[in-house]
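In this text, residue positions in the sequence shown follow numbering that gives the first Met the number 0: the first is 0, and each later residue adds one.
We put the CB at the ideal spot given by N, CA and C, even for glycine.
Remarks on the structure that follows.
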Amino acid sequence: MRMAWEPCDGTEIGSSDRHQRDPGAQDALCAACRAKAAAADAAVPRAWELFCEKDEDGRLEHFYAATRAVEMCGAKLDNIVLARLVPDVEGTLWGWRYSHHPANRSFRGQVSMIYGHEKLVEMCFPYGTKAETRMGHGEIVRLRAEILRPAKKDETRP
Ligand SMILES: [Zn+2]
């Protein structure tokens, strides 16, 4: 019996370099692509800089890489700061860390969906974060924010 060909998620679309995922692999990767993603995950510094709104109570929300995106949530530029997010088991924020799995494309290594409650991150995923983590797509991270400085107009983090 022949196994059905199931492409590895690390195969570039339109590329002739097609590789097959490991049979039954939950992350839909071959061993080489899995090793590559794991090495990239290990090499990434576990801190991220994003812009966010600091409200009157000092609460931080609406985290984005561009000041424009924070403004689109209703924040005034005067209330936008650049913050560094650092993993912390006592942190008051939760977010999603995208792994270097090829399916994450330009989000690889980034954090996103940052909220003051873990449940709100969970709600971003129709099948829950556990299913995503099983597929190797990322994980929930608990974070603390350190405010670095006020934002300037039209700033973007790489
Ligand atoms: Zn592969």
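Membership of A27 in any alpha helix (DSSP H) is not indicated, and neither H nor E is assigned to it by DSSP. Contact annotation: Q25 and E5 have beta-carbon atoms that are not nearer than 8 Å.
Around A150, the same chain offers F50, T66, L76, I79, V80, L81 as residues with beta carbons nearer than 7 Å, after the five sequence neighbours per side are excluded. Residue pairing by DSSP puts G94 in a beta bridge opposite V140.
By the Cβ-count criterion, Y97 is buried, with 16 or more other Cβ atoms from all chains shown falling within 10 Å of its own Cβ. Taking 7 Å as the cut-off, the C-beta of G9 counts as close to a heavy atom of ligand 1.
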